[in-house]
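Notes to accompany the following structure.
Written as structure tokens, this is what we have:
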């Protein structure tokens, strides 16, 4: 079933991509029935792909077995099954096949905001413009909407758990490509509180990731991307001066 949130993201119907291409360690193949999959030739993993907000996305979580991924001392916190694997932020970038990347903060936010409100409690006006005032209680409806939409998001249910060195935590994070100092921006799917949060989390935490296909940008698109990035960097620097850790 295609939910309203999925229609909002993908158009009148799920826009599965019908094409064939091969880029380095990845290959897109068209299958019978009019849908397409990304094949990661490094390990043979297959990911259904679809067009979301004008971008090509994988529709399931990364699962390539990089050394150090999903590194926990109890099997139930070692998600290598249908939920995918977890990665530190740096490992998440390595998980991307050639020709694909992690989503930007804006792209990741847009994916979750299609389902309702996402709470943001940070200092940056840049992200407050995207998420609005901090309203964690208002994200319960978003959480429930995501639960019902198994087609677009396969959401894991793993709580925080320290690794054997008690240094890194596994949360149900979805990593973006953007970082600040030793943190990186992510969406936190909070099973305990039944809420959805966006924020900066230590890069040593373990989280899930999706891929977005790299695209050729025209001049206007590059300028917009550079302008947004510059604004965010300026606001991050100002926030760090006001609130040094």
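Numbering (our numbering), first residue to last: 902 to 1146.
All residues carry an ideal CB built from backbone N, CA and C; glycine is no exception.
Checklist line | Burial state of residue 1060 (16 or more Cβ within 10 Å) | finding: Note that residue 1060 scores a pLDDT of 47, beneath 50, so its modelled location is shaky; the value from the coordinates is reported in the next line. Sixteen is the threshold: since fewer than 16 other Cβ atoms of the shown chains lie within 10 Å of the Cβ of residue 1060, the residue is exposed.
Note to self: Does the stretch 1070 to 1087 come into contact with the stretch 996 to 1009, if we say contact requires no fewer than three beta-carbon pairs (one atom in each stretch) closer than 8 Å?
What the structure shows: Enough Cβ pairs lie closer than 8 Å, so yes.
Notebook entry, point to check: Whole beta strand (DSSP E) runs in the stretch 962 to 1025 with 3 or more residues, listed along the chain?
Noted result: Whole beta strand (DSSP E) segments, 3+ residues: zero.
Item checked: Of the residues 1138, 984 and 1098, the one placed nearest residue 1109, counting alpha carbons only -> Closest option to residue 1109, Cα to Cα, is 984.
Next item on the list: Answer with buried or exposed for residue 1082, where buried requires no fewer than 16 other C-beta atoms within 10 angstroms of its C-beta.
Entry: Residue environment for residue 1082: exposed (fewer than 16 other C-beta atoms within 10 angstroms of its C-beta).
Note to self: Could you tell me which whole beta strand (DSSP E) segments of length 3 or greater appear in the stretch 1060 to 1139?
What the structure shows: Runs of beta strand (DSSP E) with 3 or more residues, each lying fully within the stretch 1060 to 1139, are found at 1071 to 1081, 1084 to 1091, 1096 to 1103 and 1107 to 1109, listed in chain order.
Check: From residue 990 to residue 1104, what does the alpha carbon distance come to, in whole angstroms?
Finding: Taking the CA atoms as reference points, residue 990 sits about 5 Å from residue 1104.
Notebook entry, point to check: Whose C-alpha, out of 1034, 1123 and 965, is nearest the C-alpha of residue 941?
Noted result: Of 1034, 1123 and 965, the residue nearest in Cα terms is 965.
Next item on the list: Compute the beta-carbon to beta-carbon distance between residue 1114 and residue 957, rounded to the nearest angstrom, for a pair I have assumed lies under 8 Å.
Entry: About 4 Å separates the beta carbons of residue 1114 and residue 957, which is inside the 8 Å limit, making them a contact pair.
Checklist line | Where residue 1050 falls: helix, strand or coil (DSSP) | finding: Note: residue 1050 maps to coil in three-state DSSP.
Item checked: Distance between residue 1111 and residue 1076 (C-alpha atoms, nearest Å) -> Going by C-alpha positions, residue 1076 is about 8 Å away from residue 1111.
Note to self: I'd like to know whether the C-beta atoms of residue 926 and residue 999 end up nearer to each other than 7 Å.
What the structure shows: Against a cut-off of 7 Å, the Cβ pair of residue 999 and residue 926 comes out as a contact.
Notebook entry, point to check: Of the residues 1094, 1024, 1002 and 968, which one's Cα is nearest the Cα of residue 1101?
Noted result: Nearest in C-alpha terms to residue 1101, of all of 1094, 1024, 1002 and 968, is 1024.
Notebook entry, point to check: Using the rule of at least 16 other Cβ atoms within 10 Å of the residue's Cβ for burial, across every protein chain shown, is residue 1021 buried or exposed?
Noted result: Buried.
Next item on the list: Can you grab the Cα-Cα spacing for the pair residue 1031 / residue 962, in whole Å?
Entry: Answer to the nearest angstrom: the Cα atoms are 24 Å apart.
Margin query: Please classify residue 1133 as buried or exposed, where buried requires at least 16 neighbouring CB atoms within 10 angstroms.
Written below: Buried is the call here.
Check: Looking only at its own chain, which residues have a Cβ that is under 8 Å from the Cβ of residue 1098, when we skip the five neighbours before and after it?
Finding: Same-chain partners within the cutoff: 1019, 1020, 1021, 1022, 1037, 1040, 1088, 1089 and 1091.
Next item on the list: Taking 7 Å as the cut-off, decide whether the C-beta atoms of residue 1005 and residue 1078 are in contact.
Entry: Their beta carbons are under 7 Å apart, which means residue 1005 touches residue 1078 by this criterion.
Check: What do you get for residue 1035, buried or exposed, if any count of 16 or more other CB atoms within 10 angstroms of its CB means buried?
Finding: Looking at its Cβ environment, which holds fewer than 16 other Cβ atoms inside 10 Å, residue 1035 is exposed.
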